[in-house]
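Residue numbers (our numbering): 1 to 504.
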């Protein structure tokens, strides 16, 4: 990584993909380079992908627009005035402001421009604008752009990363982290350097275990040998067992090796168990970390306060910070779990009814605050069992994606909406929503790949089956579905049926 930083300073654009299983130390390796970058005068800008936003176009890039535009870290949403002033300062073309507004989900200041552009051209221009912004920023100061967890990246982000890999010589280092599954879903650009992190060797595991335990001088060899084998070279597991070992030795200083080992193994036979044991030690803060897990890997402090209630909140949250369970991330007031596996352990500790109730409250908190993306609200409502309103929000999310010319993401939203709605069928209101999901999916495929593809026929076909059950005179909101059926008859070559539908 240090050699790539030197190449960045020399004006050579590079891309590094760090691949490894959960807990192997990808983020730690990347963050260890941050001080080196700062000392060398390299700007450091980072974003994080999320499982909640894997269908949200350009999600990580929306997080970094403010620092790239020279606006610094800010929790305030960007608006037209801020975008326009920054674009003028960076000498970006006039249309850049409108395209960035659409990327951020803001009303376009020049809707006529959007109307003149085909979806394909708008998508091309949006990606060109973001790429140009990154190149201009790296021209003003060498730049290290970090995007973590791209195994959760949306399709538009992956396509934009392909383009960044083709940036000509520039003072730019793009660093990506991912779990191994990315290599099955994304063709890694040939220009990228791939660093696959192996598990620790037994000697490295021993060294880290001793460091985490804090008092290596008197650890029984039998305990060390067994823990080296059990932790299997996964750094996160090694650290957690080291911490647990230190606590057990402090609580029972006279324990022999066999007793100490037995207590460790019973408390944490696996990585997940070791994380759960750590959460068990939080006391009153345990309930708070479980609510944080409902909000996701990262969350706003104020949202968690509203969800949990104010009495004792600051003290409990400080306990989570002191224990290293959560940590500040990027924007002011935003916190994140130190590791996604910690979040998963906290979330799974909630009972089913508790989880549903917490998701319902989270949806209410986010809706009251305003500005939450519809797909995030839909996630919480779906987990709370409110399937019809969740499905309706996913229609909005899909339409937003179409507005951004993010057709793959639109298809994914409409399919997810149909999946969420399926258990509610055929409840009142559900059938019409399901028809709309299938119809809009068909439209999204038409825009993406044209009329004569199997996906168009499949989506409109599913809508048609449901539409037939509605009756000969469907309500006005289902008229687009009738148009979809007309397209379907044309695609199938049933021209007489198409003519009959057009005159019906």
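Note that CB positions come from ideal geometry on N, CA and C, so glycine has one too. All values reported here derive from a predicted model rather than from experimental measurement.
Here residue 395 really is in contact with residue 437; their C-beta atoms are around 7 angstroms apart, less than 8 angstroms. Look at residue 426 here: in three-state DSSP terms it is coil, with no helix or strand label. Around the C-beta of residue 20, 16 or more other C-beta atoms lie within 10 Å, and the residue is accordingly described as buried. The stretch 119 to 128 and the stretch 23 to 42 do not touch, with fewer than three beta-carbon pairs separated by less than 8 angstroms.
Counting C-beta pairs with one atom in each stretch, the stretch 328 to 336 and the stretch 307 to 316 have fewer than three that are closer than 8 angstroms, which means they do not touch.
Taken through DSSP and simplified to helix, strand or coil, residue 380 comes out as helix. Remark: C-beta atoms of residue 112 and residue 97 do not approach each other more closely than 7 angstroms. Secondary structure at residue 143: strand, using DSSP grouped into helix, strand and coil. By the CB criterion at 7 angstroms, residue 193 and residue 148 fall outside the cutoff. If you draw a straight line from the Cα of residue 90 to the Cα of residue 167, it comes to about 18 angstroms. Around the CB of residue 386, 16 or more other CB atoms lie within 10 Å, so the residue is classed as buried. If the five residues before and after residue 133 are omitted, its C-beta is found closer than 6 angstroms to the C-beta atoms of 68, all from its own chain and listed in chain order. DSSP places residue 197 in the coil class of the three-state scheme, outside both helix and strand.
Residue state for residue 327 is assigned as strand, using DSSP reduced to three classes. Residue 298 sits in a strand when the DSSP states are folded into three classes.
Each residue's CA atom was taken as its position, placing residue 367 and residue 307 some 12 angstroms apart.
Here residue 240 is buried: its Cβ has 16 or more other Cβ atoms, across all protein chains shown, within 10 Å. One Cα belongs to residue 116, the other to residue 23, and the distance between them is close to 48 angstroms. The beta carbon of residue 350 is closer than 8 angstroms to those of 290, 293, 294, 358 in its chain, skipping five residues each way along the sequence. In the DSSP annotation of this structure, residue 69 is not part of any beta strand (DSSP E), being labelled neither H nor E. Contact between residue 9 and residue 42 is confirmed by a C-beta separation of about 7 angstroms, below the 8 angstroms threshold.
The alpha carbon of residue 398 has as its nearest neighbour, out of 47, 51, 468, 416, the alpha carbon of 416.
With fewer than 16 other Cβ atoms inside 10 Å of its own Cβ, residue 2 counts as exposed. Rounded to whole angstroms, residue 138 and residue 16 show a C-alpha spacing of 17 angstroms. Nearest C-alpha to residue 70 among 160, 54, 88: 88. For residue 334, the enclosing beta strand (DSSP E) begins and ends at 334 to 337. Non-local beta-carbon contacts of residue 37 in its own chain, meaning distances under 7 angstroms to residues more than five positions away in sequence, involve 5, 44, 144 in chain order.
The alpha helix (DSSP H) runs of length 4 or more contained entirely in the stretch 15 to 40 are, from start to end of the chain, 26 to 31, 34 to 39. Under DSSP, residue 148 forms a beta bridge with 48.
By alpha-carbon distance to residue 465, the top candidate from 455, 440, 431, 450 is 431. Between residue 151 and residue 181, the beta carbon gap of about 5 angstroms places them in contact (Cβ cut-off 8 angstroms).
Taken through DSSP and simplified to helix, strand or coil, residue 56 comes out as coil.
Rounded to the nearest angstrom, the Cβ distance from residue 272 to residue 345 is 6 angstroms, consistent with a contact under 8 angstroms. Each of 484, 187, 297, 414 was checked against the Cα of residue 49, and the nearest Cα belongs to 297. Closest option to residue 51, judged by alpha-carbon separation, among 171, 242, 109, 340: 340. Bounds of any beta strand (DSSP E) do not take in residue 453, whose DSSP letter is neither H nor E.
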